[in-house]
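See structure below.
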Amino acid sequence: MRVLICGGGVIGASIAYFLSCRGAEAIVIERTGIACAASGKSGGFLALDWCDGSPLESLARRSFALHGSLPEMIGGDWGYRRLVTYGGFASAQGGGRRGRAANVVDWVSDDVVVDRRLGSTETTAQVHPREFTAAMMRAAEAQGAGLRLGQVTGIVRDGRGSRVGGVEVDGETIEGDAVVIAMGPWSILAAQWLSLPPVFGLKGHSLVFETGSKVPAEALFLEYQDASGEVHGPEVFPRTDGTTYVCAISSESPLPIDPAEVTPDPGAIDRLQAMCARLSSTLGGANVLARQACHRPVTQDGLPLIGQIPGLEGAYVATGHSVWGILNAPATGEAVSELILDGVSRSVDLAPFDPARLAPLDPARLRTNAERRP
Ligand SMILES: Cc1cc2nc3c(=O)[nH]c(=O)nc-3n(C[C@H](O)[C@H](O)[C@H](O)COP(=O)(O)OP(=O)(O)OC[C@H]3O[C@@H](n4cnc5c(N)ncnc54)[C@H](O)[C@@H]3O)c2cc1C
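Numbering of the sequence shown is given in my numbering, commencing with residue 16 and proceeding in unit increments.
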């Protein structure tokens, strides 16, 4: 069984890993580089129970457990650790603590009020997402998977036209028994070839600071009101490698066709950096290692598309994981491998994520370079 996986983000790499555990031949076809997009530029925050009560609950719980066992299963260090998570607020106008008792989080400025504990070391954790994605791909390769750099430009059907025969990559056909579309927000391009609902890219900006040991293992989710009154939701994740990642400032800027052309919106990085300096003098004084932007894949109903694509045997999709793609990647990989190899996923019920629940995109509506969120 040869499975062609289009897209080398965290979802594609995780599917390749779990397929290779079962002895199937997985080939990941990646246009730019493993984890070059959101999978390398996201927060990497993980939560056991933040999806409870939603259709994501069992996927998230299974995935949180897999994240805990993967360091032993695969061997390696991608910055996985449990951490405590706090919530709070701040304003550019200052006056935050207003005489309150000292914050439990003491490395932030006096303008920040930390007033909630959102998670404990039992319920919240983190990985370095680029390192995690790369480790999953390496582990898959060690078990026989392949990585091919190239741009997927079409699906090839078998002689009768009802089954997948392979994919077109840079004008050449790669033959396979099954194909998985896992191109994150670029999965929308596959709606030209397959009956797929739309997937959109929602942009987020982030900075990576060199903070050494100055920031403890505490994640922060804040509400921040800037000088114009606009409210942002900065998320702060200190990492085991001595860096601290902060993301905020979303936009609906168009997704470029080429993942290598994603750049921050004009002014967004300066605004984010000013916000960080306000939140903590440690961040304000730290060297900035990365100024970046990426698009998370979102669907019309906010739930991922995971399952068989109607109309073509052997065609599958796994995308649209929105803000929980790093968390939910391992369980998605495991479930998709079961679906392809056994015909059904036993580890997680994929029914809520069936791509057939949403109307397919009319390919005539696919304006390259200008698709936006609904
Ligand atoms: C700012 C931000 C912070 C986030 N923080 C978190 C977090 O803390 N925790 C969490 O769980 N999730 C988080 N997420 C969400 C998470 O990053 C995404 O859901 C996840 O990375 C999506 O992975 P993916 O593999 O589906 O897509 P991507 O990472 O986008 O990968 C898709 C891949 O497909 C490739 N590709 C595109 N077109 C082609 C083509 N034609 N041929 C071949 N390859 C192609 C691209 O080059 C890319 O490598 C965050 C997202 C953002 C934007």
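All residues carry an ideal CB built from backbone N, CA and C; glycine is no exception.
Query: Rounded Cβ spacing between Gly322 and Phe252 (contact assumed at less than 8 Å); Result: Rounded, the Cβ-Cβ distance is 31 Å, inconsistent with contact.
Query: Pairwise C-alpha distance: Gly59 and His82; Result: 11 Å
Query: As assigned by DSSP and simplified to three states, the class of His310; Result: strand
Query: Option in Cys66, Leu74 and Ser106 with minimal Cα separation from Ala289; Result: Ser106
Query: Simplified DSSP assignment, three categories, for Tyr239; Result: strand
Query: Nearest residue (CA-CA) to Asp241, options Cys262, Thr188 and Arg293; Result: Arg293
Query: DSSP beta-bridge partners of Ala60; Result: Note on identity: in this sequence residue 60 is Phe, with Ala being the wrong assignment. Per DSSP, Gln141.
Query: For His336, three-class secondary structure by DSSP; Result: coil
Query: Inter-residue CB distance, Lys218 and Ser265 (contact presumed, cutoff 8 Å); Result: 6 Å
Query: Own chain partners of Gly55 with C-beta closer than 7 Å, once the 5 adjacent residues on each side are dropped; Result: Pro144, Arg145 and Thr148
Query: Proximity test, Lys229 beta-carbon vs ligand 1 heavy atom, cut-off 8 Å; Result: no
Query: Per DSSP, cross-strand counterpart(s) of Cys21; Result: Ile44 and Ile196
Query: For Thr47 and Ala232, believed in contact at Cβ under 8 Å, the rounded distance; Result: With a Cβ gap of about 32 Å, Ala232 and Thr47 do not count as contacting.
Query: Whole-angstrom distance between Ala140 and Ala80, CA atom to CA atom; Result: 11 Å
Query: Proximity to Thr255 [Cα-Cα], best of Ile341, Thr347, Ala263 and Phe224; Result: Phe224
Query: Val25: CB within 8 Å of a non-hydrogen atom of ligand 1; Result: yes
Query: Distance between Thr347 and Leu74 (C-alpha atoms, nearest Å); Result: 7 Å
Query: At least three beta-carbon pairs within less than 8 Å, the region 193-206 to the region 304-312; Result: yes
Query: Environment of Ala31 [buried if 16+ CB atoms lie within 10 Å]; Result: buried
Query: Any non-hydrogen atom of ligand 1 within 8 Å of Ser268 CB; Result: no
Query: Rounded separation between Pro389 and Pro370 - CA only; Result: Model confidence at Pro389 stands at a pLDDT of 38, short of 50, so the residue's coordinates are unreliable; what they give is reported in the following sentence. For Pro389 and Pro370, the distance between alpha carbons rounds to 17 Å.
Query: 8 Å contact criterion, which Ile42 and Arg163 should meet: CB distance rounded; Result: 6 Å
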